[in-house]
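Note that the numbering used here has the sequence shown beginning at 380, numbered continuously upward.
Before any comments, here is the structure.
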Amino acid sequence: MTSESQTASAALFLGDHGALDFLNTVAQENGQPRDYWQSDDDVLAWLRHTGLMTDADATRAAPGELLNEARQLREIIRALVAQKKAGQPVDAEKLNRFLASAVSYPQLIRDEGGKLHVTRIFASPAPTRLLAPVAELAASLLAQEDFALVRKCEHPECTLWFYDRTKSHRRRWCSMALCGNRAKVARFRQQQK
380 MTSESQTASA
390 ALFLGDHGAL
400 DFLNTVAQEN
410 GQPRDYWQSD
420 DDVLAWLRHT
430 GLMTDADATR
440 AAPGELLNEA
450 RQLREIIRAL
460 VAQKKAGQPV
470 DAEKLNRFLA
480 SAVSYPQLIR
490 DEGGKLHVTR
500 IFASPAPTRL
510 LAPVAELAAS
520 LLAQEDFALV
530 RKCEHPECTL
540 WFYDRTKSHR
550 RRWCSMALCG
560 NRAKVARFRQ
570 QQK
């Protein structure tokens, strides 16, 4: 496994929505926040892993520029999700800056095997355009999804968000394997006392 795929696989894809998985690239580990992105390559690996970017989308930028832009977008989305969840008005101005970089057009291409594909060509070479699909996911989440189903994990030490797609809409944990089991163990220990 390459270090790029290790970084992408280390990130937690538990949110059941791409914008929430983007937020979950910062998580609590052993009581400390862990940012899964430490370089531009980490962000690129995450984008490739999610299918939001291909190698053809790569752009040249100053070292650290993509990382900086991705972290900014992550915090913008985090603030907007928290505002909407709290019933506060959402100020989309900062998110719209990323959406503006999404100016693109479709192009028909033939791959090496001769198969035709439609791909998007972006007008801007800036690194923010790589993040435009994430901004689009966030805009869709904020405007079109049932926000009652957007939840933060109930474990007191967890910072992860998820979209509850369960049939009963009673999901409480980012993951039963992580926080759900920790809560069960804690409840069992409390009952044994």
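Cβ atoms here follow ideal geometry from the backbone N, Cα and C, with glycine treated the same way.
Treat the numbers as computed from the prediction; the structure is a model and nothing was measured.
CB of residue i within 8 Å of CB of residue j, strictly
{"i": "Leu521", "j": "His548", "result": "no"}
{"i": "Arg532", "j": "Phe526", "result": "Per the sequence shown, residue 532 should be read as Cys rather than Arg. Result no, Cβ atoms of Cys532 and Phe526 do not sit closer than 8 Å."}
{"i": "Leu399", "j": "Ser554", "result": "no"}
{"i": "Leu510", "j": "Glu448", "result": "yes"}
{"i": "Asp395", "j": "Arg544", "result": "yes"}
{"i": "Trp416", "j": "Leu446", "result": "yes"}
{"i": "Arg550", "j": "Arg530", "result": "yes"}
{"i": "Val469", "j": "Leu459", "result": "yes"}
{"i": "Gly410", "j": "Glu536", "result": "yes"}
Opening and closing residue of the beta strand (DSSP E) in which residue i lies
{"i": "Arg549", "result": "Segment: none, Arg549 is in no beta strand (DSSP E) and carries neither H nor E."}
{"i": "Ala406", "result": "Val405 to Glu408"}
{"i": "Pro412", "result": "Gln411 to Asp414"}
{"i": "Lys531", "result": "Val529 to Lys531"}
{"i": "Phe585", "result": "There is simply no residue 585 to check, as the chain begins at 380 and stops at 572 in what is shown."}
{"i": "Leu495", "result": "Leu495 to Phe501"}
Cβ-Cβ separation, residue j to residue i (assumed contact under 8 Å), whole Å
{"i": "Leu474", "j": "Ala518", "result": "6 Å"}
{"i": "Ala424", "j": "Pro506", "result": "No, Ala424 and Pro506 are not in contact; Cβ-Cβ is about 15 Å, not under 8 Å."}
{"i": "Arg497", "j": "Gly397", "result": "This sequence places Val at residue 497; Arg is not what is there. That pair is no contact at about 20 Å."}
{"i": "Arg453", "j": "Thr404", "result": "7 Å"}
Identity of the residue in the options nearest residue i by Cα
{"i": "Glu444", "options": "Arg508, Pro512 and Arg530", "result": "Arg508"}
{"i": "Pro504", "options": "Ser480, Glu515 and Arg489", "result": "Ser480"}
{"i": "Gln407", "options": "Leu557, Gln571 and Lys572", "result": "Leu557"}
{"i": "Leu516", "options": "Asp414, Thr429 and Lys572", "result": "Thr429"}
{"i": "Pro412", "options": "Thr538, Val422, Arg476 and Met432", "result": "Thr538"}
{"i": "Ser418", "options": "Arg450, Lys494 and Trp552", "result": "Arg450"}
{"i": "Glu472", "options": "Ile455, Ala461 and Met432", "result": "Ile455"}
Where the alpha helix (DSSP H) through residue i begins and ends
{"i": "Phe401", "result": "Gly397 to Leu402"}
{"i": "Thr538", "result": "First-last for Thr538: undefined, no H or E at that position."}
{"i": "Leu516", "result": "Thr507 to Gln523"}
Only counting runs of 3 or more residues, tell me where the beta strand (DSSP E) segments fall wholly within the stretch 424-493, in order along the chain.
483-489
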